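One structure below.
Numbering (this note's numbering), first residue to last: 8 to 62.
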């Protein structure tokens, strides 16, 4: 159950990152943006692997 919740949060944050990609590309520096996207991708993949391990 906990892994499913974390997976849902990871999906939500990934969606938010995609949304912010279009809006605040001009506001945020490129490096910060890439770092945030990579960390979100890492969280998403770890949550996915955790949920797969549980199932």
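The beta carbon of each residue, even a glycine, is placed where N, CA and C say it ideally should be. Source: prediction; values computed, not measured.
Asked: Can you give the Cα-Cα distance for residue 54 and residue 13, rounded to whole angstroms?; Found: 6 angstroms
Asked: For the putative contact between residue 51 and residue 15, defined by C-beta atoms under 8 angstroms, what is the C-beta separation to the nearest angstrom?; Found: Not really, about 11 angstroms apart at Cβ, beyond 8 angstroms.
Asked: Relative to the C-alpha of residue 22, which candidate in 41, 48, 58 has its C-alpha closest?; Found: 48
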